[in-house]
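2 protein chains.
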Amino acid sequence: MNAPYDRVALIGLGLIAGSMALAMRRAGMTAEIVGTARSAETRAAAERRSFCDRVVVTAAEAVANADLVVLAVPVGAMAAVAAEIGPHLMPGATVTDVGSVKRAVIDDVAPHIPPGVHFIPGHPLAGTERSGPDSGFAELFDNRFCLLIDEGADPQALTRLADFWKALGAQVETMDADHHDRVLAVTSHTPHLIAYTMVGVADDLRRVTDSEVIRYSAAGFRDFTRIAASDPTMWRDVFLNNREATLEILGRFTEELFALQRAIRKGDGDHLHAYFTRTRAIRRGIVEAGQDTDAPDFGRGGRS
Amino acid sequence: MNAPYDRVALIGLGLIAGSMALAMRRAGMTAEIVGTARSAETRAAAERRSFCDRVVVTAAEAVANADLVVLAVPVGAMAAVAAEIGPHLMPGATVTDVGSVKRAVIDDVAPHIPPGVHFIPGHPLAGTERSGPDSGFAELFDNRFCLLIDEGADPQALTRLADFWKALGAQVETMDADHHDRVLAVTSHTPHLIAYTMVGVADDLRRVTDSEVIRYSAAGFRDFTRIAASDPTMWRDVFLNNREATLEILGRFTEELFALQRAIRKGDGDHLHAYFTRTRAIRRGIVEAGQDTDAPDFGRGGRS
Ligand SMILES: NC(=O)c1ccc[n+]([C@@H]2O[C@H](COP(=O)([O-])OP(=O)(O)OC[C@H]3O[C@@H](n4cnc5c(N)ncnc54)[C@H](OP(=O)(O)O)[C@@H]3O)[C@@H](O)[C@H]2O)c1
Ligand SMILES: NC(=O)c1ccc[n+]([C@@H]2O[C@H](COP(=O)([O-])OP(=O)(O)OC[C@H]3O[C@@H](n4cnc5c(N)ncnc54)[C@H](OP(=O)(O)O)[C@@H]3O)[C@@H](O)[C@H]2O)c1
Numbered sequence: 001m002n003a004p005y006d007r008v009a010l011i012g013l014g015l016i017a018g019s020m021a022l023a024m025r026r027a028g029m030t031a032e033i034v035g036t037a038r039s040a041e042t043r044a045a046a047e048r049r050s051f052c053d054r055v056v057v058t059a060a061e062a063v064a065n066a067d068l069v070v071l072a073v074p075v076g077a078m079a080a081v082a083a084e085i086g087p088h089l090m091p092g093a094t095v096t097d098v099g100s101v102k103r104a105v106i107d108d109v110a111p112h113i114p115p116g117v118h119f120i121p122g123h124p125l126a127g128t129e130r131s132g133p134d135s136g137f138a139e140l141f142d143n144r145f146c147l148l149i150d151e152g153a154d155p156q157a158l159t160r161l162a163d164f165w166k167a168l169g170a171q172v173e174t175m176d177a178d179h180h181d182r183v184l185a186v187t188s189h190t191p192h193l194i195a196y197t198m199v200g201v202a203d204d205l206r207r208v209t210d211s212e213v214i215r216y217s218a219a220g221f222r223d224f225t226r227i228a229a230s231d232p233t234m235w236r237d238v239f240l241n242n243r244e245a246t247l248e249i250l251g252r253f254t255e256e257l258f259a260l261q262r263a264i265r266k267g268d269g270d271h272l273h274a275y276f277t278r279t280r281a282i283r284r285g286i287v288e289a290g291q292d293t294d295a296p297d298f299g300r301g302g303r304s
Numbered sequence: 001m002n003a004p005y006d007r008v009a010l011i012g013l014g015l016i017a018g019s020m021a022l023a024m025r026r027a028g029m030t031a032e033i034v035g036t037a038r039s040a041e042t043r044a045a046a047e048r049r050s051f052c053d054r055v056v057v058t059a060a061e062a063v064a065n066a067d068l069v070v071l072a073v074p075v076g077a078m079a080a081v082a083a084e085i086g087p088h089l090m091p092g093a094t095v096t097d098v099g100s101v102k103r104a105v106i107d108d109v110a111p112h113i114p115p116g117v118h119f120i121p122g123h124p125l126a127g128t129e130r131s132g133p134d135s136g137f138a139e140l141f142d143n144r145f146c147l148l149i150d151e152g153a154d155p156q157a158l159t160r161l162a163d164f165w166k167a168l169g170a171q172v173e174t175m176d177a178d179h180h181d182r183v184l185a186v187t188s189h190t191p192h193l194i195a196y197t198m199v200g201v202a203d204d205l206r207r208v209t210d211s212e213v214i215r216y217s218a219a220g221f222r223d224f225t226r227i228a229a230s231d232p233t234m235w236r237d238v239f240l241n242n243r244e245a246t247l248e249i250l251g252r253f254t255e256e257l258f259a260l261q262r263a264i265r266k267g268d269g270d271h272l273h274a275y276f277t278r279t280r281a282i283r284r285g286i287v288e289a290g291q292d293t294d295a296p297d298f299g300r301g302g303r304s
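So the sequences go chain by chain: A and B.
At position 195 of the first sequence (counting the first as 1) the number is 195 in UniProt numbering, and the numbers step up by one without a gap.
At position 188 of the second sequence (counting the first as 1) the number is 188 in UniProt numbering, and the numbers step up by one without a gap.
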């Protein structure tokens, strides 16, 4: 297909950028892909997997003559990257990002975008616990949502970016940044913090129980360990940059947890049963929305 | 194969009992399988799937002349079932159970076991969020642990029961009941409570965010919803019957969560990063122990 863009610059060459490049190839896009990453190791890995046409050393070089620039670095690194590329952006180009938090990224990046360049923040709701240039795969975005932030974006530039993501397999929706951050605090950020916490507790106890916690890890906990194997830098940056929404949801979470804890202590089986019944409905909703499978193999049908 | 037993009585015909019957068939065991369940619906479903040789109406009937009796009902229902079958058990028979909690089940069941009958509690660490007679499958126990409680069990009866579980695909280990309950509080019970809580919070917010929480549910949260779709009765009984160990682990959990919450509030990125790095090791341990896969498909290789 004709690409919506002629030259795409990927800043950062990890899971998300690598998967984008592979999905572009799969779609048969003709765009030239220029990539860069901070470390020589990652650049070498990208060369080896050859998902870019060219790998260059600096972000400033990468964005030269690019009509789409994708910032695919941790949220905390966006400001510095934006400052570096700002002066080198081509007039008429679109800059987007894939960061898991949106308000903080806008605050960090927007001041560096010169007039005549479109900045349309984005967030593909697709990921795994893997990171780095060897972890990408072309199917990552298939049937997943990609949220684009429309706070007065240029309509043509927005449509072009949406077409790009659709070609990568995603379903595109728009929303504003604060709303994004609130929704993601519920569906992603707080669950990750909780999983990290539970696995941390188990890790403490591991020493006591002579690694039986690992040996006898059951369903449920195993999923927590997978979530808690996600990249520490990415997640540190998420929590530091979506602080308010995460803390608010955490507050509600501990409130509910204390109520359940009290029910256990008091032996209030009715309260527990009613609560556990209510939570089943939301699962059905997710399965119906096509965002997970309900296959008998534990709902683990994967990404097919 | 020759079955370690001639007649196996399954009391309860849900996920676990159904899977046991199917796994016995798969192993080519010659034992007669007699099953019973509380409701006529479940008994009819079991007839339809024909995983039993005979389905009978009462537990008392089911255990007649059975040399293995498996109690596969919710933990809170064990006492009544044991009281019912006690007078009908065959001398020399073995009674086991599959309940997720062990000390409370022993307290409830042991008083009803007559002299000359062996009671060896068990717990297969295998399950899904599904329940009922249509949810079982023969591979459920493959490569999973089955923990048998050895608190002075008859060695021959123990070996026989262990051989039975091995034929069903499981790896058998023994431990004492209190230890079991502590380990499972960490690896299964508390994680389930937390998942239920988080999904409950999301469910509250769903009304506010017009079901976007469902629509944009991301990795992590989706897993929580699957866990929180588990059977309410089973889990109510688990928490009511493993109260102390669960409350203790919950206490540690909230302590750690508050420390992370404070780190977010203060912007202490180093604390967050260090914590998130530590939790990766335990995941590696689980993958190395063969209890989950590390496949690029999100570690969702399933049960192969
Ligand atoms: N993983 C997910 O599940 C997921 C899902 C949706 C969105 N996101 C977002 O996507 C972005 C990238 O995530 P990812 O999973 O692709 O991460 P990743 O695999 O760890 O890749 C990150 C890339 O950013 C580069 N980088 C890291 N720190 C940098 C810095 N301080 N300055 C310049 N470059 C730096 C890395 O270079 P080196 O390799 O040379 O260090 C690497 O190429 C993040 O903002 C994340 O929030 C992630
Ligand atoms: N599911 C898991 O992940 C898992 C894993 C390991 C161990 N376990 C343990 O295995 C046991 C059975 O669980 P499951 O998943 O197989 O449950 P299930 O699919 O819900 O089946 C439970 C069976 O017990 C019967 N039953 C329920 N309440 C009863 C009562 N008050 N009196 C008599 N019979 C009753 C049910 O009969 P009706 O259908 O007629 O109501 C049904 O046949 C539980 O103790 C659980 O803790 C479960």
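Backbone N, C-alpha and C define an ideal beta-carbon position, used for all residues, glycine too.
Contacts with chain B at 8 Å (Cβ-Cβ) include alanine 202 of chain A. Using a Cβ distance threshold of 8 Å, valine 117 of chain A and alanine 66 of chain A do not count as a contacting pair. The Cβ of serine 39 of chain A sits no closer than 8 Å to any Cβ of chain B. Using a Cβ-Cβ cut-off of 7 Å, glutamate 212 of chain A is close to Val183 of chain B, given in chain order. With the rule of 3 Cβ pairs closer than 8 Å, the region 199 to 207 of chain A does not count as touching the region 257 to 270 of chain A. For the options B/Thr94, B/Val172, B/Met90, B/Gly99, the alpha carbon positioned closest to that of alanine 79 of chain B is the one of B/Gly99.
One Cα belongs to glutamate 244 of chain B, the other to valine 238 of chain B, and the distance between them is close to 11 Å.
Counting only the Cα atoms, leucine 71 of chain B lies some 8 Å from alanine 82 of chain B.
Taking 8 Å as the threshold, the shortest C-beta distance from serine 131 of chain A to chain B does not fall below it. Taking a Cβ-Cβ cut-off of 7 Å, serine 19 of chain B has no neighbours in chain A, whose nearest Cβ is about 11 Å from it. Following the DSSP letters along the chain, one finds proline 124 of chain B inside the beta strand (DSSP E) bounded by residues 122 to 124. Secondary structure of aspartate 97 of chain B (DSSP, three-state): strand.
Residue burial is scored here from C-beta neighbours: glutamine 156 of chain B has fewer than 16 other C-beta atoms within 10 angstroms and is therefore classed as exposed. Per the Cβ contact rule, the region 118 to 137 of chain A is in contact with the region 4 to 21 of chain A (3 or more Cβ pairs under 8 Å). Contact annotation: threonine 190 of chain A and leucine 250 of chain A have beta-carbon atoms nearer than 8 Å.
Classified as buried, proline 4 of chain A has 16 or more neighbouring CB atoms from the shown chains inside 10 Å of its CB. The residue among B/Ala59, B/Arg262, B/Ala167 with its C-alpha nearest the C-alpha of arginine 25 of chain B is B/Ala167. Remark: the C-beta of isoleucine 106 of chain B is outside contact range of ligand 1, defined as less than 7 Å to any heavy atom. DSSP lists A/Pro124, A/Val172 as the bridge partner or partners of cysteine 146 of chain A.
Chain A places no beta carbon closer than 8 Å to that of valine 172 of chain B, leaving this residue out of the contacts.
If you compare the alpha carbons of B/Ile194, B/Leu140, B/Ile120 with that of tryptophan 235 of chain B, the shortest gap goes to B/Ile194. According to DSSP, residue pairing for phenylalanine 119 of chain A in a beta bridge involves A/Val95. Selection A/Arg226, A/Arg103, A/Val69 evaluated against proline 91 of chain A yields A/Val69 as nearest (Cα-Cα). For glutamate 212 of chain A, the enclosing alpha helix (DSSP H) starts and ends at 212 to 215. According to the DSSP assignment, isoleucine 11 of chain A belongs to the beta strand (DSSP E) that extends over 7 to 11.
With fewer than 16 other CB atoms across the displayed protein chains lying within 10 angstroms of its CB, arginine 284 of chain B is exposed.
A Cβ-Cβ contact shorter than 8 Å links threonine 246 of chain B with alanine 185 of chain B. For tyrosine 5 of chain B, none of the residues of chain A pass the 9 Å Cβ criterion, the least Cβ distance being about 26 Å.
The C-beta distance from isoleucine 282 of chain A to glycine 220 of chain B rounds to 14 Å, too long to meet the 8 Å contact threshold.
In the DSSP assignment, valine 73 of chain B falls outside any alpha helix (DSSP H) and carries neither an H nor an E.
With fewer than 16 neighbouring CB atoms inside 10 Å of its own CB, glycine 28 of chain B falls in the exposed class.
In the three-state reduction of the DSSP assignment, isoleucine 33 of chain B falls in the strand class, which pools E and B. In this structure leucine 125 of chain B touches tyrosine 216 of chain A by the C-beta definition: roughly 6 Å separates them, less than 8 Å. When C-alpha distances from arginine 48 of chain B are compared across B/Arg222, B/Asp142, B/Glu151, B/Gly35, the shortest belongs to B/Gly35. Interface residue (Cβ-Cβ distance to chain B less than 8 Å): isoleucine 16 of chain A is not classified as such.
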